[in-house]
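Enquirer:
Here's what the structure looks like:
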């Protein structure tokens, strides 16, 4: 930290004028703004934070990621509509998320003292064997959900979103489209905007089980993934910590492997080093890793070889995928990861769906609970 006046600036600020509105979903509004020196800029506003921009409004924009043309952060973000500020919040809640940033927000936590669910969370001791599919990328969510519901459409599935990627659940068009198929969304840590808010992943998992009544939970970071090409420098490493939380709470962690024969980067071909690191080195309580059958001889052999070095605590299960490919082809949301679609990344989405199928088959029967 330098002396006054020498602090390094970290945000690229711009003023713009809204010229057009685009798509809107959940808690997001796309728009186009005209910015001096930059021309037309594609931007995104979260109405719960800044209000609803209209054509002709002046908007204050954070264009830092937009200027870098980042794939997962490539919007300019509306920070304020300064000439038409939204009304003050009136809702309940004392949890502050995105704490001590300029856009910190107050939400009502499922685990805070003044909520109807506080006693439920305080008394909840475990997950009663609930299977939890853990993935490092948000793009695995719809495929894992399809795998569960294609196996047993009567199961209730909750999504627990961690804060490794997007913090605002409303940023995800996938979540908006899957709302009718989910028992609910729980945002944990610094992430916010779910149907329920929780302080930690642990209370978020307990809320999924005991408040939302989920039979299966799916855990991943929000949209976006930060990676540096180093062994430990990627946000998906938290998938291993998620498995530890599931184990501590008496659930069954199920690893959705990141598998690819389309990614040109060697570290992500076969089983990605992200999966091998998070599940093999961070998940100390063990995790069941699900490999899908039907990958083809070359990729299948590569996956088998990659998983051969897993520690004894991790069990590898090869899962039949009959009907899953057809179910993925009928997905209600576009399946895309790293800019590649389902046909291009067939193995990736098939692996996530296979993990969902395995989880569905592990749901304890009522007589088994306890």
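In my numbering, the protein residues as written are 1 to 370. Even glycine gets a Cβ: it sits at the ideal position worked out from N, Cα and C. As the structure is a computational prediction, the values presented were derived from the model and not from experiment.
Compare the Cα-Cα distances from residue 329 to each of 317, 340, 320 and 346 and report the closest residue.
Expert: On the chain shown, residue 329 is found 329 positions in, with the first residue counted as 1. Closest option to residue 329, Cα to Cα, is 346.
Enquirer: With three or more beta-carbon pairs closer than 8 Å as the criterion, would you say the segment 246-261 touches the segment 224-232?
Expert: As far as the Cβ criterion goes, the segment 246-261 does not touch the segment 224-232, which means the pair count is below three.
Enquirer: Determine the extent of the beta strand (DSSP E) in which residue 40 is found, giving its start and end residues.
Expert: For the purposes of this step, residue 40 is identified with residue 40 of the chain shown, where counting begins at 1. Element bounds for residue 40: 39-45.
Enquirer: Just grab the DSSP bridge partners of residue 407 for me.
Expert: Given that the chain is displayed from residue 1 to residue 370, the structure contains no residue 407 and the question cannot be resolved.
Enquirer: Does the distance from the C-beta atom of residue 292 to that of residue 216 stay below 8 Å?
Expert: For the purposes of this step, residue 292 is taken as residue 292 along the chain shown, with counting starting at 1. For the purposes of this step, residue 216 is taken as residue 216 along the chain shown, with counting starting at 1. In this structure, residue 216 does not lie closer than 8 Å to residue 292 by Cβ.
Enquirer: I'd like the span of the beta strand (DSSP E) that includes residue 326, first residue to last.
Expert: For the purposes of this step, residue 326 is taken as residue 326 along the chain shown, with counting starting at 1. No beta strand (DSSP E) holds residue 326; the alpha helix (DSSP H) holding it covers 324-329.
Enquirer: Check the C-beta distance from residue 55 over to residue 18 and give it rounded, since I have them as a contact under 8 Å.
Expert: For this step, residue 55 is matched to residue 55 along the chain shown. For this step, residue 18 is matched to residue 18 along the chain shown. 5 Å between Cβ atoms; contact.
Enquirer: Determine the direct distance from the alpha carbon of residue 31 to that of residue 306, and round the result to whole angstroms.
Expert: Looking up residue 306 in the chain shown gives position 306. Looking up residue 31 in the chain shown gives position 31. Their backbone Cα atoms lie some 44 Å apart in a straight line.
Enquirer: Report the three-state DSSP secondary structure of residue 75 (helix, strand or coil).
Expert: Within the chain shown, residue 75 is the residue found at index 75, counting from 1. Reduced to three states, the DSSP call for residue 75 is coil.
Enquirer: Straight-line CA distance for residue 89 to residue 308?
Expert: Stepping through the chain shown from its first residue, residue 89 is reached at position 89. Stepping through the chain shown from its first residue, residue 308 is reached at position 308. Approximately 54 Å, taken between the alpha carbons.
Enquirer: Tell me which residues share the same chain as residue 250 and place their Cβ nearer than 6 Å to its Cβ, disregarding the 5 neighbours each side in the sequence.
Expert: If you number the chain shown from 1, residue 250 lands on position 250. Counting only Cβ-Cβ distances below 6 Å, and skipping sequence neighbours, we find 126 and 127.
Enquirer: From 159, 351 and 163, pick the residue whose C-alpha is nearest to that of residue 260; which is it?
Expert: In the chain shown, counting from the first residue as 1, residue 260 sits at position 260. Checked all of 159, 351 and 163; the closest Cα to residue 260 is 351.
Enquirer: Extract the residue ranges of the alpha helix (DSSP H) inside the segment 188-254, only unbroken runs of 4 or more that lie entirely within it.
Expert: Complete alpha helix (DSSP H) runs here, min 4: 201-210 and 238-248.
Enquirer: For residue 63, I'd like the list of residues in its chain whose CB is within less than 6 Å of its CB, leaving aside the five on either flank, ordered along the chain.
Expert: As a working mapping, residue 63 is identified with position 63 in the chain shown. Once the five neighbours on either side are set aside, the close Cβ partners of residue 63 are 12, 14 and 76.
Enquirer: Which ranges does the alpha helix (DSSP H) cover as unbroken runs of at least 4 residues, wholly within the segment 267-314, from first to last along the chain?
Expert: Counting only runs of 4 or more, we get 273-277 and 297-307.
Enquirer: If we call anything under 8 Å between Cβ atoms a contact, is residue 163 one with residue 189?
Expert: Numbered from 1 along the chain shown, position 163 holds the residue referred to as residue 163. Numbered from 1 along the chain shown, position 189 holds the residue referred to as residue 189. Cβ distance < 8 Å, so residue 163 and residue 189 count as in contact.
Enquirer: Can you tell me where the beta strand (DSSP E) with residue 450 in it begins and where it stops?
Expert: Since the displayed the chain opens at 1 and closes at 370, residue 450 lies outside it and no answer follows.
Enquirer: In this structure, does DSSP put residue 256 in helix, strand or coil?
Expert: Indexing the chain shown from 1 puts residue 256 at position 256. It is a strand residue.
Enquirer: In the DSSP assignment, the alpha helix (DSSP H) including residue 149 goes from what residue to what residue?
Expert: By one-based count along the chain shown, residue 149 stands at place 149. Element bounds for residue 149: 141-151.
Enquirer: Consult DSSP for residue 50 and reduce its assignment to one of helix, strand or coil.
Expert: Taking the first residue of the chain shown as 1, we reach residue 50 at position 50. The answer is helix: DSSP assigns residue 50 an H, G or I state.
Enquirer: List the endpoints of the continuous alpha helix (DSSP H) containing residue 361.
Expert: The residue labelled residue 361 in the question sits at position 361 within the chain shown. Looking at the DSSP string, the run of the alpha helix (DSSP H) that includes residue 361 is 346-361.
Enquirer: By the DSSP assignment, the alpha helix (DSSP H) with residue 177 in it spans what residues?
Expert: In the chain shown, counting from the first residue as 1, residue 177 sits at position 177. Segment 173-178, the alpha helix (DSSP H) holding residue 177.
Enquirer: Taking the straight line between their C-alpha atoms, what separation do you get for residue 176 and residue 40?
Expert: On the chain shown, residue 176 is found 176 positions in, with the first residue counted as 1. On the chain shown, residue 40 is found 40 positions in, with the first residue counted as 1. The alpha-carbon atoms of residue 176 and residue 40 are separated by roughly 27 Å.
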